[in-house]
Amino acid sequence: FCELIIGDRQTGKTAVALDTILNQKALNSGNDESKKLYCVYVAVGQKRSTVAQLVKTLEENDALKYSIVVAATASEAAPLQYIAPFSGCAMGEWFRDNGRHALIVYDDLSKQAVAYRQMSLLLRRPPGREAYPGDVFYLHSRLLERAAKMNEKHGSGSLTALPIIETQGGDVSAYIRIRPAINVGLSVSRVGSSAQIKAMKQVSGSLKLFLAQYREVAAFAQFGSDLDTSTKLTLSRGERLTELLKQGQYSPMPVEEQVPLIYAGVNGLLDKLPVEKIGAFEQAFLIHFRQNFSQLLATIKKEASLSKETEEKIRTAIQEFLKTFV
5 FCELIIGDRQ TGKTAVALDT ILNQKALNSG NDESKKLYCV YVAVGQKRST VAQLVKTLEE
65 NDALKYSIVV AATASEAAPL QYIAPFSGCA MGEWFRDNGR HALIVYDDLS KQAVAYRQMS
125 LLLRRPPGRE AYPGDVFYLH SRLLERAAKM NEKHGSGSLT ALPIIETQGG DVSAYIRIRP
185 AINVGLSVSR VGSSAQIKAM KQVSGSLKLF LAQYREVAAF AQFGSDLDTS TKLTLSRGER
245 LTELLKQGQY SPMPVEEQVP LIYAGVNGLL DKLPVEKIGA FEQAFLIHFR QNFSQLLATI
305 KKEASLSKET EEKIRTAIQE FLKTFV
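For the sequence shown, this note's numbering gives the first residue as 5, with consecutive numbering after it.
Structure follows, in C-alpha cells:
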C-alpha cells in the first residue's frame, strides 16, 4: 500500500508522516509480534539540524523503540542521497519478508530525483524535461512497487510506503488553507473507506462530500449576502466540522474517540455551539467521555461498528454534556 503526500514547502507534509509514526506506539506496546508495526523514516537532502530535531521528537515520544531513521543529509554526496531510499526500503522488506509489518516514509523523493539528475548529468546521460533523465519515473515506480502485502504462504507480512513529494508553487497545494497539507477536495484514494472500521464508515460516510459542498458554497457565498436557509446551514455546519477536524501536532487520537466527535458534528449536534468554542468542547468532551463512558469506548473498539443502541447512547451522552458545557 502506498499513499502519496504532496505539497509545497512548509505545508506540514513531514508533520503528517511523523504523527503517523507516533500513532503506532499503542500497537507496539504489546507483546504480539504479528500486530506490531515497525517504522522506517528515510530523510533525503534535509538539513542535519532538521533530522536531529526529528530524532529528538521520536525519542521524547518513546517512538525510537520501534523506529529506524535513515539519513542522507544535504551535505552528503548525491549518490548517497540517491541510494538512501533503497537502503531504507531493504530494511522495511526484512520485516515484511519475516512475517511482520512495517511502515516506511520517504521524505522526500523530489530531493532523490534531484540527486539522480545530478548523477545522470555527470554520467552524460541524455537529459529530458527540466534536465531530469528519462527514467526518473521508473526510478520511483520500482521503489514504490516494493511496498506490498504478502500472502499466508509467504508469512503474511506487509510493507506500507508513505512517499513525500515537494511541489514548487504547484497547483496541487495552491488551494490548501489549513495545515497540515490535507485537501479534502483534491485527495484521491484507491483504498478509501475499506481501510476504516465499520463504525468510522457509519459516522463519516457523508463527511467528505459535505466538506466538498461546503468549500464550494463558501467560495460563492463571499460574493453575495442573500443566502437561503439551506446554504446558511451548510456554511454553519461546514465551519464547525472544519474546526472539529483540527488536531494538534504529535497528538494522535484513537479511532474509538474520533467516532463520537465526528458523529456529533455530522449529525448537527454542534450547530448551535459557537465556532470559537468547538476546540474547547472537543477537549472537555473527550475528558468527560473517558471518565464516564469508558465502557462505551471499549464497546466501539471491540465491536468496530455502531449498533442502534450504541448510537443512541452516544447521542444521549453528547446532548447531556452540551447542557452543562458553557
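Beta carbons: idealized from backbone N, C-alpha and C, even for Gly.
In the three-state DSSP reduction, threonine 238 falls in the helix class (H, G or I). Only exposed fits glycine 252, as fewer than 16 other CB atoms lie within 10 angstroms of its CB. With 16 or more other Cβ atoms inside 10 Å of its own Cβ, proline 264 counts as buried.
Annotated as proximal: histidine 105 and glycine 161, with beta-carbon spacing under 8 Å. Counting C-beta atoms within 10 angstroms of its own C-beta, phenylalanine 293 has 16 or more neighbours from the protein chains shown and is therefore classed as buried.
Looking at the DSSP output, glycine 11 shares a beta bridge with Glu170. Around the beta carbon of tyrosine 70, 16 or more other beta carbons sit within 10 angstroms, so the residue counts as buried.
Ranked by how close their Cα comes to the Cα of proline 137, the residues Leu148, Val55, Gln122 have Gln122 in first place.
DSSP places lysine 157 within a helical segment (H, G or I) once states are collapsed to three.
When the alpha-carbon of alanine 216 is set against those of Met204, Leu231, Lys202, Thr238, the nearest one is in Thr238. The C-alpha of glycine 209 is placed about 15 Å away from the C-alpha of glycine 242. In the three-state DSSP reduction, tyrosine 136 falls in the coil class, being neither helix nor strand. Shown here for lysine 205: same chain residues with a beta carbon closer than 6 Å to its own, the five before and five after excluded, namely Ser197 in chain order.
Valine 140 is a Cβ neighbour of alanine 117, given a cutoff of 8 Å. With 16 or more other CB atoms across the displayed protein chains lying within 10 angstroms of its CB, aspartate 112 is buried.
In the three-state scheme derived from DSSP, where H, G and I count as helix and E and B as strand, alanine 151 is classed as coil. Note on geometry: alpha-carbon atoms of phenylalanine 5 and leucine 163 lie some 7 Å from one another. Judged by beta-carbon spacing, alanine 119 lies beyond the 8 Å limit of tyrosine 142, meaning their Cβ atoms are not closer than that value. Beta-bridge partners of threonine 164 (DSSP): Leu107. Annotation for threonine 303: Thr314 place their beta carbon closer than 7 Å to its own, counting only its chain and skipping 5 residues before and after.
Apart from sequence neighbours up to five positions away, the residues of its chain that approach alanine 21 with a beta-carbon distance below 8 Å are Ile9, Tyr45, Val109, Asp111, Leu166, Ile168, ordered along the chain. Leaving aside the five residues that flank glutamate 97 on each side, the residues in its chain whose CB is nearer than 7 Å to its CB run, in chain order, Arg150, Leu163. The continuous stretches of alpha helix (DSSP H) do not include leucine 277, and DSSP gives it neither H nor E. Here the stretch 81-95 makes no contact with the stretch 152-161; the two share fewer than three CB pairs at distances below 8 Å. The count of Cβ pairs closer than 8 Å, one atom from the stretch 278-290 and one from the stretch 53-61, stays below three, leaving the stretches out of contact. In this structure, asparagine 65 sits near leucine 26, with a CB-CB distance shorter than 8 Å. Its Cα nearest to that of valine 259, the residue Ala30 stands out among Ala30, Asp12, His144, Val279.
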